[in-house]
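Let me begin by presenting the structure, written as structure tokens, before commenting on it.
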Amino acid sequence: MTNATDFRAWAAAGQSHIEATLQRLLPAPEIAPQRLHQAMRYAVLGGGKRVRPLLAFAAGELSHADAERVALAGAAVEIIHAYSLVHDDLPCMDDDVLRRGKPTCHVEYDEATALLVGDALQSLAFQVMTDHKLCDDAVVQLEMTKLLAIASGSRGMAGGQAIDLASVGKELTVTELEFMHIHKTGAIIRAAALLGLKCGAPLSAAEHAHLDSFAKLIGLAFQVVDDVLDADATTETLGKTAGKDAQQGKPTYVSAMGLARAKAFAEELRVEAMTALEDFGDRALRLRQLADFIVLRKS
Ligand code: GRG
2 MTNATDFRAW
12 AAAGQSHIEA
22 TLQRLLPAPE
32 IAPQRLHQAM
42 RYAVLGGGKR
52 VRPLLAFAAG
62 ELSHADAERV
72 ALAGAAVEII
82 HAYSLVHDDL
92 PCMDDDVLRR
102 GKPTCHVEYD
112 EATALLVGDA
122 LQSLAFQVMT
132 DHKLCDDAVV
142 QLEMTKLLAI
152 ASGSRGMAGG
162 QAIDLASVGK
172 ELTVTELEFM
182 HIHKTGAIIR
192 AAALLGLKCG
202 APLSAAEHAH
212 LDSFAKLIGL
222 AFQVVDDVLD
232 ADATTETLGK
242 TAGKDAQQGK
252 PTYVSAMGLA
262 RAKAFAEELR
272 VEAMTALEDF
282 GDRALRLRQL
292 ADFIVLRKS
């Protein structure tokens, strides 16, 4: 088996594990209020690359974490991610009609339902973090829950989104862009890796710091690639509207440094992220493959 087919098989297995976990965690469509539960399932199931849970699985391999526990923590992160996409697509934010190749949640249902879908998904994520045993130490599990709360709140994703909305029509410096994206996109990606890791046995402080550096670098690389794809790929390939950043006057790595330089920057971040994994040897194989996937992806 080549490295590429081996990675594809590993990722497909992780994606089905997450899909099954999400299916189980989401309220059944026939439970009242049916329309809200159906809309929650519409927003979460059957789409998306599931990059964040895959990062949790890959980081969990470093700490020999139980895969079922990692699936639950990864599902909690994916539920937060799905909520953020539903809210991001609303007319008061990015106002988009296409997500994961389907009409966005507020188009398929209505705006009020989409708002509630996001609210209910956020609560569900924290219910998942507290309803199940995710690691052997209850204090660590409390820290994990706090980590997800901080990563998704005003000092993380929601704060990054606020900066994003306030930046429309402005030119940001690369430093300002980095600050915005470390929060908007990077915080949840970093949380995914750290939560997967913390489901298992603790690493040394040095190893923990290496994984954390990797997660921060790859979170930023993810966003640089997202900016490149928005400028360089088609709506059909992306399953969401291409070219929206320029159309909405959003500052991006492409507007700040040009397409070629942004592509080169993503590659620099990938190389730096790989360096952070050096001490782990073969234990970090899946993290390395995921870093390649994140930077070389086409959608
Ligand atoms: C509304 C609080 C709030 C936050 C929204 C994540 C986010 C913040 C907005 C999404 C807008 C966006 C396109 C951000 C760029 C990075 C990103 C999160 C892309 C989408 O993630 P993927 O590519 O999507 O992992 P899939 O569909 O594969 O899960």
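So the number in our numbering is just where the residue sits in the sequence shown, counting from 1, plus 1. Virtual Cβ for every residue (Gly too), placed ideally from N, Cα, C. These figures come from a predicted structure and were not determined experimentally.
Taking 8 Å as the upper bound for CB-CB distance, T242 and D97 are in contact here, some 6 Å apart.
With a threshold of 7 Å, the Cβ atom of S85 counts as near the ligand GRG, since some heavy atom of the ligand is closer than that. In the three-state reduction of the DSSP assignment, L46 falls in the coil class.
Secondary structure of L278 (DSSP, three-state): coil. The beta-carbon distance between M130 and L149, rounded to whole angstroms, is 6 Å. This is short enough to meet the 8 Å contact definition.
Taking C-alpha positions only, D213 is separated from R25 by approximately 30 Å. For the set T235, F215, Q249, L143, the Cα lying nearest the Cα of E269 is the one of F215. Taking the Cα positions, A57 is about 17 Å away from A277.
One thing to note: D280 has its Cβ within 8 Å of the Cβ of H211. A Cβ-Cβ distance of about 7 Å is found for the pair V78 and P54, placing them in contact under the 8 Å criterion. Relative to the ligand GRG, even the nearest heavy atom lies 7 Å or more away from the CB of D233. DSSP places L27 outside both helix and strand once states are collapsed to three, so it counts as coil. When the alpha-carbon of F180 is set against those of Y254, Q39, S205, the nearest one is in Y254.
Exclusion of the five residues before and after I190 leaves R53, L56, A216, I219, G220, F223 as the residues of its chain whose Cβ lies within less than 7 Å of its Cβ.
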